[in-house]
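Numbering (UniProt numbering), first residue to last: 1 to 579.
As structure tokens, the structure follows; a few thoughts come after it.
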Amino acid sequence: MARFNVQQLVLDLHINWTPVIAATVCGTGALYLFLKWRNNQEIQKKILNARKRRDASLLQAEQAVQQFKMQNPDFESSSIVSLSLPELTGKLKDGSLQPDAVLYALMEKALEVNKNLNCSTEFLMESVAQLEDIKTQKKGLLYGVPISIKDNVSYEGHDTSCGVVSKLGQPALVDSVVVKVLKKQGAIPFIKTNIPQGLLNYDCSNPIYGQTLNPCNLQKSPGGSSGGEGALIGGGGSFLGIGTDIAGSIRIPASFCGICGFKPTAKRISARGISSCIKGQNSVLPSLGPLARDVESLALCMQALLCQDMFSLDPTVPPIPFNQEVYESSEPLRIGYYENDGYLQPSPSMARAFRETKDLLERAGHTLVPFQPLRLYHVFHELTLRGVMADGGRTFISQLKPSPIDPCIRNQDMILSTPGFIMRLISFVLKPFVSDEIAIVSYATHGVGSVIEMHGYIQEVIAEWRRLNVDVLLCPMLGPAYNFTYCALSYTSLYNLLNFPAGVVPVSAVTEEDEAQLSQYTGVHGDMWDKLFVKAVKGGVGLPVTVQCVSLPWQDEMCLRFMREVEQLTAKNKLTRKY
Numbered sequence: 001m002a003r004f005n006v007q008q009l010v011l012d013l014h015i016n017w018t019p020v021i022a023a024t025v026c027g028t029g030a031l032y033l034f035l036k037w038r039n040n041q042e043i044q045k046k047i048l049n050a051r052k053r054r055d056a057s058l059l060q061a062e063q064a065v066q067q068f069k070m071q072n073p074d075f076e077s078s079s080i081v082s083l084s085l086p087e088l089t090g091k092l093k094d095g096s097l098q099p100d101a102v103l104y105a106l107m108e109k110a111l112e113v114n115k116n117l118n119c120s121t122e123f124l125m126e127s128v129a130q131l132e133d134i135k136t137q138k139k140g141l142l143y144g145v146p147i148s149i150k151d152n153v154s155y156e157g158h159d160t161s162c163g164v165v166s167k168l169g170q171p172a173l174v175d176s177v178v179v180k181v182l183k184k185q186g187a188i189p190f191i192k193t194n195i196p197q198g199l200l201n202y203d204c205s206n207p208i209y210g211q212t213l214n215p216c217n218l219q220k221s222p223g224g225s226s227g228g229e230g231a232l233i234g235g236g237g238s239f240l241g242i243g244t245d246i247a248g249s250i251r252i253p254a255s256f257c258g259i260c261g262f263k264p265t266a267k268r269i270s271a272r273g274i275s276s277c278i279k280g281q282n283s284v285l286p287s288l289g290p291l292a293r294d295v296e297s298l299a300l301c302m303q304a305l306l307c308q309d310m311f312s313l314d315p316t317v318p319p320i321p322f323n324q325e326v327y328e329s330s331e332p333l334r335i336g337y338y339e340n341d342g343y344l345q346p347s348p349s350m351a352r353a354f355r356e357t358k359d360l361l362e363r364a365g366h367t368l369v370p371f372q373p374l375r376l377y378h379v380f381h382e383l384t385l386r387g388v389m390a391d392g393g394r395t396f397i398s399q400l401k402p403s404p405i406d407p408c409i410r411n412q413d414m415i416l417s418t419p420g421f422i423m424r425l426i427s428f429v430l431k432p433f434v435s436d437e438i439a440i441v442s443y444a445t446h447g448v449g450s451v452i453e454m455h456g457y458i459q460e461v462i463a464e465w466r467r468l469n470v471d472v473l474l475c476p477m478l479g480p481a482y483n484f485t486y487c488a489l490s491y492t493s494l495y496n497l498l499n500f501p502a503g504v505v506p507v508s509a510v511t512e513e514d515e516a517q518l519s520q521y522t523g524v525h526g527d528m529w530d531k532l533f534v535k536a537v538k539g540g541v542g543l544p545v546t547v548q549c550v551s552l553p554w555q556d557e558m559c560l561r562f563m564r565e566v567e568q569l570t571a572k573n574k575l576t577r578k579y
């Protein structure tokens, strides 16, 4: 019997099969590299096509404006764009202004603003065709008013990209409910505005359309995620815009850009046709609402939206019309207040603007009552962050996968892409050397907490509200506008968790003294987050500062009424100081 030679067998395999194995490995590697290269090419092609569509719409808008100006040599846009929305609607109603002149005036201004700030994802040239039928909506509350809409608000025939490549090339089949209702009220959507990649960020940049800048200071962020809206309206390129808010995404851009913004009670306005990159948010609810130059414009938009058309198009929306009587009331208010939420010490300008507003309200005859957020540190981490990232961020990351990652969301991508057990291990190792918050935040972004606890907390806050017998709440608002890529959320996200209506009103501007006082800023915890906050707000002299107004759920009109009171008292005070 022949003797089995193991050494010879190994030698034969090595000689005969090594080239085959090597070729297979090399072939697999080459195939992987080829597929990766082809995928990158497809991604770049999608991005290039989106940019071409935007550039083509810009060119069409420019040509349409020039053609109108040639046909109307006496046309002057500055006198139109400087009007307030109530003034504009009045002139459109009485016929002293025509819708076509208003549309082209806004187009011209928006083109100028976009050139400086990069705030648009596309001009909606269907707006020109809409002029032909606009007279049929003459009874509408927004007859002839051009409006802007955030990128993720569906408009038939156009992408709702959310700043991610995976959503490009999928134009909406129908208008969102809010667009349908606004059109029925005579409004003319004419431009879509920029957002951060994936929407879940408080800057405004993505790999498709780039970085949007702040109209008050080009070195600052306009905020997010409705940053394009904030920049366009703050720059004078729109009277009224529609944004969305999941943790401050309307209020932060409004604050940073020096305009008014309002987050209604969730589900007060239909969210059908609103695109998103996150799923499962049944505890911290997104809300759709308006941004504008003044409170009266916000109220007019809410009045226009809360109509039978919306209630019919979306039967899940409670059929509660706008309560004009509550909004126009002048009865003295009992106002809860806090200057510091106990989580983030306000910047010097935030605190000063808050105190000045509180004093104005007291002098006007309103009653001010101390009110402190309950257990905010625990609630922010265990309920708010976990509620926003209900699925552990899996849907968010899956939407980002084909895209290049924008610098503004790099940290989010890293945290959410890392398995939870690894993040907990890293947090455990780093805990002796860094703030506990790193461990807590990392853990909180990996899935929803207790929904039962969340409902209990809402009832606890409402009980405290009732005990103090307050009508509304005054608190600081994040600001001034940040340097790029920073963020802080406690002052805004709490009211998404509670589902309380909340809005912001500009009341002041950063002074040299505010800036100097940053050197004494210590923060609540004295950790790296507090130091980062100082870096975020540095260099803010002259930037707008706002306050935040809050009411109980479904009392949106009360919140707007309070915002109007703050706005009027601030304006009166500035006029008194001037003289």
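Each residue gets a CB set at the ideal place from its N, CA and C atoms; glycine is no exception.
From a predicted model like this one, the values you see are computed outputs, not experimental measurements.
Residues of the same chain with a CB within less than 6 Å of the CB of F75, apart from the 5 flanking positions on each side, are K69 in chain order.
Look at the beta carbons and you see the segment 496-510 not touching the segment 314-325: under three pairs across the two are nearer than 8 Å.
For A129, the closest of L117, V153, P99, E453 by C-alpha to C-alpha distance is P99.
Looking only at L575, K401, N40, M310, the smallest Cα-Cα distance to L182 is reached by M310.
Linking N483 to C408 through their CA atoms gives a straight-line distance of about 11 Å.
Inclusion of P476 and V537 in the CB contact set at 8 Å is not warranted, their separation being larger than that value. N116 and E229 have their C-alpha atoms roughly 14 Å apart. Under the three-state reduction of DSSP, P207 is assigned to coil, being neither helix nor strand. Taking all protein chains shown into account, S493 has 16 or more neighbouring C-beta atoms within 10 Å of its C-beta and is therefore buried.
Exposure of H455 is indicated by the presence of fewer than 16 other C-beta atoms within 10 angstroms of its C-beta. Burial check for M563: the Cβ neighbour count within 10 Å reaches 16 or more, so the residue is buried.
For S508, the enclosing beta strand (DSSP E) covers residues 502-509. In this structure I452 is exposed. Its beta-carbon is surrounded by fewer than 16 other beta-carbon atoms within 10 angstroms. Separation of R272 and K150 (C-alpha to C-alpha, rounded to the nearest whole angstrom) is 14 Å.
The way I'd put it, the segment 521-534 doesn't touch the segment 235-251; fewer than three beta-carbon pairs between them come closer than 8 Å. With contacts defined as CB atoms closer than 8 Å, I208 and V145 fail to qualify as a contacting pair.
Shown here, D514 sits in a helix according to DSSP, grouped into three states. Counting every other CB atom within 10 Å of its CB across the protein chains shown gives N114 a total of 16 or more, marking it as buried. For the 8 Å CB-CB criterion, F256 and S226 do not form a contact. Here the alpha carbons of L103 and S77 stand approximately 10 Å from one another. In the structure shown, G223 adopts coil according to DSSP, grouped into three states.
Under DSSP, D245 forms a beta bridge with S287. When I195, G163, C260 are compared, the shortest CA-CA separation from E567 is found for C260. Under the three-pair Cβ rule at 8 Å, the segment 361-378 does not count as touching the segment 391-400. Beyond the five residues adjoining it in sequence on each side, G236 comes within less than 7 Å, by CB distance, of V81, K109, V113 in the same chain, given in chain order.
Here T522 is exposed, its C-beta having fewer than 16 other C-beta atoms within 10 Å. The C-beta separation of S127 from F190 comes to about 4 Å, placing the pair in contact by the 8 Å criterion.
A247 counts as buried, since at least 16 other C-beta atoms from the protein chains shown sit within 10 angstroms of its C-beta. Secondary structure at C301: helix, using DSSP grouped into helix, strand and coil.
Here A571 is exposed: its Cβ has fewer than 16 other Cβ atoms, across all protein chains shown, within 10 Å. E126: member of the alpha helix (DSSP H) spanning 126-130, first to last residue. In the DSSP assignment, P253 falls within the unbroken alpha helix (DSSP H) covering 251-257. If you compare the alpha carbons of V153, V284, C119 with that of Y457, the shortest gap goes to V284. The beta carbons of D406 and S205 sit about 5 Å from each other, so the pair counts as a contact at 8 Å. Remark: C-beta atoms of V504 and Q548 approach each other more closely than 8 Å. If you draw a straight line from the Cα of M528 to the Cα of L383, it comes to about 23 Å.
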